[in-house]
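K.L.:
In the numbering used here, the protein residues as written are 125 to 343.
Here a beta-carbon is modelled for each residue, glycine too, at the ideal position from N, C-alpha and C.
Here the structure is a predicted model, which is why all the values come from computation and not from measurement.
Take a look at the following structure, please.
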Amino acid sequence: MQALPGTTQRRILPLRWNSWKLAISLNRDQRLVYDTAMNHFLNQEPSQLLLHVDGAGGTGKSYLINLLSAHLQAAAGRRGTPVWRAAPTGVAGNQIPGTTLHSLLHLPINKAFMPLSAIDNAQLQKKLKDIKYLIINERSMLGLRQLSWIDDRLRDVFQNRNEDFFGGLNILLIGDFFQLHPVLLKPLYYDKDIQGVEIKGRNVYRRFDKTVFLKVVQR
């Protein structure tokens, strides 16, 4: 299996994010996202969380992602890594900081999607054995086809819940559709002239049943 370059280093946040007092700095919209995810984790909610977070540039998306990630990790203690952060591109992944979806889940770039070998899938299962939440940043750059691939890959990884979308993993999809669009792929909101795996991606996308709008510009 191809190594995930820099994945471990890029997902580590500075210790300053661990302060619980920082939650006070969140505005009402940010706090709604924070409380929704933290309560879901702390209460061990059995229902899957599929959450949209919609916010234009300057509304504190990266700040929220970093703070929520640090506090989920702190709440988990020694129970492993409950949250991973990823994005469609390396630049977007570095903003959080995180990794790319392609690197994390071994998604194709210019090839057809293929299931992982048994050995590679077992290694990915081991890497993600403690994950509860996947935070995807810059959703505007994610295509319908890619979302379908993410769903397929996670169903293969979490085989005990492979009848659930994303293998039952909780997903936070964050970004602004008015920013950069995916290259040569139909964006998540696209609903015309789609076929095959794009239709599946649209059906997956429609499962995100909760949305929070970040309206306050922080800059």
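What residues in its chain sit with their C-beta under 6 Å from that of L156, if we drop five residues either side in the sequence?
P.N.:
V336
K.L.:
What does the alpha-carbon distance come out to for the pair V340 and L252?
P.N.:
34 Å
K.L.:
Need the endpoints of the beta strand (DSSP E) that H176 sits in, please.
P.N.:
174-179
K.L.:
Go ahead and pull the three-state DSSP assignment for R209.
P.N.:
Note: R209 maps to strand in three-state DSSP.
K.L.:
Going by the CB atoms, is the gap between L240 and D275 shorter than 8 Å?
P.N.:
no
K.L.:
Where do the ends of the beta strand (DSSP E) carrying Y257 lie?
P.N.:
Looking at the DSSP string, the run of the beta strand (DSSP E) that includes Y257 is 257-260.
K.L.:
According to DSSP, simplified to helix, strand and coil, what is T183?
P.N.:
coil
K.L.:
Can you tell me which of the three DSSP states V340 falls into?
P.N.:
coil
K.L.:
Just to confirm before moving on: does the CB-CB distance between L188 and L225 stay below 8 Å?
P.N.:
Against a cut-off of 8 Å, the Cβ pair of L225 and L188 comes out as no contact.
K.L.:
Roughly how many whole angstroms lie between the Cα atoms of D254 and G292?
P.N.:
13 Å
K.L.:
Distance check for K250 and N294, CA to CA, integer angstroms please.
P.N.:
18 Å
K.L.:
Locate the beta strand (DSSP E) running through L266, then write down its first and last residues.
P.N.:
Where L266 is concerned, there is no enclosing beta strand (DSSP E), given that its DSSP letter is neither H nor E.
K.L.:
If you drop the 5 nearest sequence neighbours on each side, which residues of the same chain put their C-beta closer than 8 Å to that of A85?
P.N.:
The structure shown does not extend to residue 85, since the chain is modelled only from 125 to 343, so the question has no answer here.
K.L.:
Can you name the start and end residues of the alpha helix (DSSP H) that L304 belongs to?
P.N.:
Neither: L304 is in no alpha helix (DSSP H) and is coded neither H nor E.
K.L.:
Buried or exposed: where does P232 fall if 16 or more other Cβ atoms within 10 Å of its Cβ makes it buried?
P.N.:
Around the Cβ of P232, a 10 Å sphere holds fewer than 16 other Cβ atoms; the residue is exposed.
K.L.:
Is the region 313-331 close to the region 260-269, with three or more CB pairs under 8 Å?
P.N.:
Counting Cβ pairs under 8 Å, three or more are found: they touch.
K.L.:
Find out if the Cβ-Cβ distance for the pair L338, G179 is shorter than 8 Å.
P.N.:
yes
K.L.:
Compute the Euclidean distance between the alpha carbons of G181 and S227, then round it to the nearest angstrom.
P.N.:
26 Å
K.L.:
So what does DSSP say about T335, is it helix, strand or coil?
P.N.:
In the structure shown, T335 adopts extended strand secondary structure according to DSSP, grouped into three states.
K.L.:
Could you tell me the distance, in whole angstroms, from the CA atom of Q197 to the CA atom of K256?
P.N.:
11 Å
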